[in-house]
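*Asks:*
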Amino acid sequence: MTTLTPPPLPPYTVEFIESATSRTLLEIFSGFSVNLDKRIFSSNSPSNIAELERRLKLLLSDSQRLSTVLPRSETKYESLPPWTGRSGPDHRRSPPGSGPMCEAFSKNFNVGQMEKIAGRTGRVSKLHDYKFYHDACQMLMAMASCFDSGRYKITLQDPQMDSGIALRIVDARCTALDPKLPILFVLFAHETTEHADPNSPSLKWLSHTIKNDGAISQIREGTVANNHLLLRQLVYNSHRLPPGCEEMFDRARDKVYEKDFVASFILPMDPLSHKAVERLSRSQKCARVSCVKPAFLLCGGCGIVYYCSQGCQKSHRDTHQGLCTCISTSPPPRSTNFIVFPLIDSKSDMGIANEYLSQRDLVRLEEGDGQKAYLMLNPFPDRGFLTSVARRGPKERFIVRMQESMGGAVLLVYDAEKTFKVHVRVVPELCELVASNKNWKGQRCYLYARHLDGDKGKKYLEVLLDVMPNQGLLW
1 MTTLTPPPLP PYTVEFIESA TSRTLLEIFS GFSVNLDKRI FSSNSPSNIA ELERRLKLLL
61 SDSQRLSTVL PRSETKYESL PPWTGRSGPD HRRSPPGSGP MCEAFSKNFN VGQMEKIAGR
121 TGRVSKLHDY KFYHDACQML MAMASCFDSG RYKITLQDPQ MDSGIALRIV DARCTALDPK
181 LPILFVLFAH ETTEHADPNS PSLKWLSHTI KNDGAISQIR EGTVANNHLL LRQLVYNSHR
241 LPPGCEEMFD RARDKVYEKD FVASFILPMD PLSHKAVERL SRSQKCARVS CVKPAFLLCG
301 GCGIVYYCSQ GCQKSHRDTH QGLCTCISTS PPPRSTNFIV FPLIDSKSDM GIANEYLSQR
361 DLVRLEEGDG QKAYLMLNPF PDRGFLTSVA RRGPKERFIV RMQESMGGAV LLVYDAEKTF
421 KVHVRVVPEL CELVASNKNW KGQRCYLYAR HLDGDKGKKY LEVLLDVMPN QGLLW
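For the sequence shown, full-length UniProt numbering begins at 1 and goes up steadily by one.
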């Protein structure tokens, strides 16, 4: 009997996956409106490729909505309703895309939504970006169309024929969350042109299928990057199979020609949400000043600073150790409370659409003594806010990074959900902190902040003035 643990991938499949360059992976991200900085992510170094692969897994999870439609620990195979849409030879003469499975897949493919998200993130629309997403969707829709026509054995190849996937659909179900959202359970094997020979699993299966069935469905869509994406979707989903499907796969598997095939499933790929695009687009640079490499290694002490390698972290230890200890062990010494109000234009008392401001929820802050703060618009709408944040602890404190003075004591505060830009006039500690930094441009200092619930449903933003003892501004 099969198990939920997929078998190791053949060496040639691993080699094919690892052969993907940063250019290929960046093409995939760009196709989902994830705008990664090519100056940081264009390297083909192992650490950079590993980070891109890690983000690609998150992209697949978000695009398929796996945490929602197929929770890892809550969904069992038996709880998924059977797919009730008709399929078979009757649909073979129908217009392409008219079958129930194909229509169900097509409802989730929304290039218009992709364009809308790209506009909200300030990206310039590029036809080739949407063409990649369109091609990826067409590849999955072609598989759904084969299912509607009763053709369950399929081969998929990119136009360059560098590699191919042999696949058989063994069952169709509906997700527990949405009875109209299909999930296809499949057995698949991957093949490369260099490795292909008559005794390879996929070619033996192909020869047997043509001999017995007389034909097989062939799909050639998209690009090499599309093929890389589909293969990763199948491999990633093979580790997310719901409990209880072992017996079904064991019954369906041909013990001779499909013994080396991997069990997996396919879901439609939605456009990414705005939050997912923002999260996947973030980038960090190494905290060591003399290093310009991208940083993916987070300091385990403070949980704020990133390094490109353990070597840079060791070299920076003497500089960072005092501050790291202070942030991780010392409570913030002073605080100031602000009341949070919805964003209102002071001249018209009308709500302000934030399409050209920050892409987070902007609010106006009112200081605790009732004296209102000035709302300041983002002076650089084309480049956004050059800051970052790290959550820490059960109280969800987050780090505030001050970066722009803009005259006076201007405080830029944001977390993953909200952005505040406030002209602070009555907090002398903040004014002194800004004034003490003679070379403010390009410098940053860290503060703590957190959201608090007040009386009568009012929300407070608590900014904690964390002036480190015997420490200058190290950023």
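All residues carry an ideal CB built from backbone N, CA and C; glycine is no exception. Everything numeric in this text was worked out from a predicted model, so none of it was measured.
Among residues of its own chain, excluding the 5 on either side of THR192, which ones have a beta-carbon nearer than 6 Å to its beta-carbon?
*Replies:* TYR12, PHE16 and SER163.
*Asks:* Can you tell me whether PHE29 is helix, strand or coil according to DSSP?
*Replies:* PHE29 falls in the helix class under three-state DSSP.
*Asks:* Taking ILE40 as part of the alpha helix (DSSP H), name the residues at either end of that continuous run.
*Replies:* 38–41
*Asks:* Tell me the rounded alpha-carbon separation between PHE265 and ARG288.
*Replies:* 43 Å
*Asks:* Name the DSSP bridge partner or partners of TYR306?
*Replies:* Answer is LEU298.
*Asks:* Run through the region 167–196 for me and flag every whole beta strand (DSSP E) of 3 or more residues, listed as ranges in chain order.
*Replies:* Here the runs fully enclosed are 182–192.
*Asks:* Do the CB positions of PRO81 and PRO179 come within less than 9 Å of each other?
*Replies:* yes
*Asks:* Among residues of its own chain, excluding the 5 on either side of PRO201, which ones have a beta-carbon nearer than 6 Å to its beta-carbon?
*Replies:* ALA189 and ASP260
*Asks:* Whole angstroms is fine: what's the gap from PHE249's alpha carbon to ASN227's?
*Replies:* 24 Å
*Asks:* With respect to the beta strand (DSSP E) encompassing LYS153, which residues constitute its N-terminal and C-terminal limits?
*Replies:* 153–157
*Asks:* Could you please give the first and the last residue of the uninterrupted beta strand (DSSP E) stretch that includes PHE265?
*Replies:* 262–266
*Asks:* Looking only at its own chain, which residues have a Cβ that is under 7 Å from the Cβ of HIS208, when we skip the five neighbours before and after it?
*Replies:* TYR257
*Asks:* In or out: LYS57 buried (at least 16 other Cβ within 10 Å) or exposed?
*Replies:* exposed
*Asks:* Measuring CA to CA, which of VAL235, LYS211 and PRO242 is closest to residue 487?
*Replies:* The chain is shown only over 1 to 475; residue 487 falls outside these bounds and no answer can be derived.
*Asks:* What does the alpha-carbon distance come out to for the pair CYS291 and LYS38?
*Replies:* 17 Å
*Asks:* Along the chain, where does the beta strand (DSSP E) containing ILE219 start, and where does it finish?
*Replies:* Membership of ILE219 in the beta strand (DSSP E) is indicated by the continuous run 217–220.
*Asks:* My assumption, with CB atoms under 8 Å, is that SER47 sits in contact with SER22. Please give the rounded CB distance.
*Replies:* Actually they are not in contact, since the Cβ atoms of SER47 and SER22 sit about 11 Å apart, beyond 8 Å.
*Asks:* According to DSSP, is SER61 helix, strand or coil?
*Replies:* The answer is helix: DSSP assigns SER61 an H, G or I state.
*Asks:* Compare the beta carbon distance of SER63 and MET269 with 9 Å and say whether it is the shorter of the two.
*Replies:* In contact: SER63 and MET269 (Cβ atoms closer than 9 Å).
*Asks:* With H, G and I counted as helix, E and B as strand and the rest as coil, what does DSSP make of GLY150?
*Replies:* coil
*Asks:* Please name the residue, chosen from ALA104, THR75, ALA166 and LYS204, that lies closest to ARG220 on a Cα-to-Cα basis.
*Replies:* ALA166
*Asks:* Rounded to a whole number of angstroms, what is the C-alpha to C-alpha distance between ARG240 and GLY322?
*Replies:* 43 Å
*Asks:* Regarding SER217 and the ligand PLP, is the C-beta to nearest heavy atom distance less than 8 Å?
*Replies:* Among the components modelled here there is no ligand, and therefore nothing to report on the ligand PLP.
*Asks:* When the Cα of TYR152 is compared with those of ASP135, VAL170 and MET161, which residue comes out closest?
*Replies:* Sorting ASP135, VAL170 and MET161 by C-alpha distance to the C-alpha of TYR152 places VAL170 at the top.
*Asks:* Comparing alpha-carbon positions, which option in LYS255, LEU70, GLN218 and LYS293 lies nearest SER145?
*Replies:* GLN218
*Asks:* Identify whether GLY214 lies in helix, strand or coil by the three-state DSSP scheme.
*Replies:* The answer is coil: DSSP assigns GLY214 none of H, G, I, E or B.
*Asks:* Under three-state DSSP, which class holds PRO242?
*Replies:* coil
*Asks:* Do GLU51 and ALA225 have their CB atoms nearer than 9 Å?
*Replies:* no
*Asks:* Could you check whether VAL69 and THR223 sit closer than 9 Å to each other, using their CB atoms as the reference points?
*Replies:* no
*Asks:* Tell me the DSSP secondary structure of SER145 in three-state form.
*Replies:* In this structure, DSSP gives SER145 a helical state, which the three-state scheme calls helix.
*Asks:* Give the C-beta separation of LYS76 and PRO242 to the nearest angstrom, bearing in mind that I take them to be a contact with Cβ-Cβ under 8 Å.
*Replies:* 6 Å
*Asks:* Could you give the distance in angstroms between the alpha-carbon of MET139 and the alpha-carbon of ARG253?
*Replies:* So the two alpha carbons sit approximately 24 Å from each other.
*Asks:* Could you tell me the boundaries of the alpha helix (DSSP H) in which VAL292 lies?
*Replies:* Membership of VAL292 in any alpha helix (DSSP H) is not indicated, and neither H nor E is assigned to it by DSSP.
*Asks:* Of all the options LEU177, MET161, ILE210 and GLN233, which has the alpha carbon lying nearest to the alpha carbon of GLU194?
*Replies:* MET161
*Asks:* Provide the residue(s) that pair with residue 486 in DSSP beta bridges, ordered along the chain.
*Replies:* An answer regarding residue 486 cannot be provided, because it is not within the stretch 1 to 475 covered by the chain.
*Asks:* Would ILE49 pass as a contact of LEU25 if the rule is Cβ separation under 9 Å?
*Replies:* Contact flag set, yes.
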